[in-house]
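Each remark here refers to the structure printed beneath this line.
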Amino acid sequence: MTLPQLVGLLSTNPARLWGLWPRKGALLPGSDADVVVYNPEAEGVVTAEDLHYLAGYTPYEGMRLQGRVRATISRGQVIYREGQFAGRKGRGQFIERGAAGARVGSTT
Numbered sequence: 416m417t418l419p420q421l422v423g424l425l426s427t428n429p430a431r432l433w434g435l436w437p438r439k440g441a442l443l444p445g446s447d448a449d450v451v452v453y454n455p456e457a458e459g460v461v462t463a464e465d466l467h468y469l470a471g472y473t474p475y476e477g478m479r480l481q482g483r484v485r486a487t488i489s490r491g492q493v494i495y496r497e498g499q500f501a502g503r504k505g506r507g508q509f510i511e512r513g514a515a516g517a518r519v520g521s522t523t
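Quick note, the sequence shown lines up with residues 416 to 523 if you use the numbering used here.
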């Protein structure tokens with residue numbers, strides 16, 4: 416899978432399906448996109464203690480992975496860096512949806 420295909424699968428197409436594009440799912444002037452810094456060479460093992468959710472367990476415990484997110488930037492602020500939450504709790508914003516299903520699969 417190419418990087419543009421991955422971006423379409425994980426970002427652009429879901430934003431279009433849910434009526435959020437181009438506010439989300441696009442790196443365009445005026446868009447509110449999150450950017451992920453990813454290292455495809457990193458290797459690791461999944462552990463529940465390394466994950467950032469309340470369940471306390473994961474069905475993927477012990478699974479070996481290649482590739483790791485190094486940082487996430489949201490609205491110009493680093494909110495995740497090297498395994499640690501670096502954002503501010505409660506900084507999320509509600510975004511009202513538009514018409515769903517707009518031009519899925521298109522890149523413009």
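Glycine included, every Cβ here is placed at the ideal spot set by N, Cα and C.
Taken through DSSP and simplified to helix, strand or coil, R483 comes out as strand.
The three-state secondary structure of P429, taken from DSSP, is helix. In this structure, G513 lies away from G440, with their beta-carbon atoms at least 8 Å apart. Per DSSP, the continuous beta strand (DSSP E) segment holding P455 begins and ends at 449-460.
An exposed status is given to P419, since fewer than 16 other beta-carbon atoms sit within 10 Å of its beta-carbon. In this structure the region 460-477 does not lie against the region 442-452, because fewer than three pairs of beta carbons, one per stretch, are closer than 8 Å. Rounded to whole angstroms, G507 and R479 show a C-alpha spacing of 32 Å.
Secondary structure at Q492: strand, using DSSP grouped into helix, strand and coil. Of the residues assessed, Y495 falls on the buried side of the cut-off, its CB having 16 or more other CB atoms within 10 angstroms.
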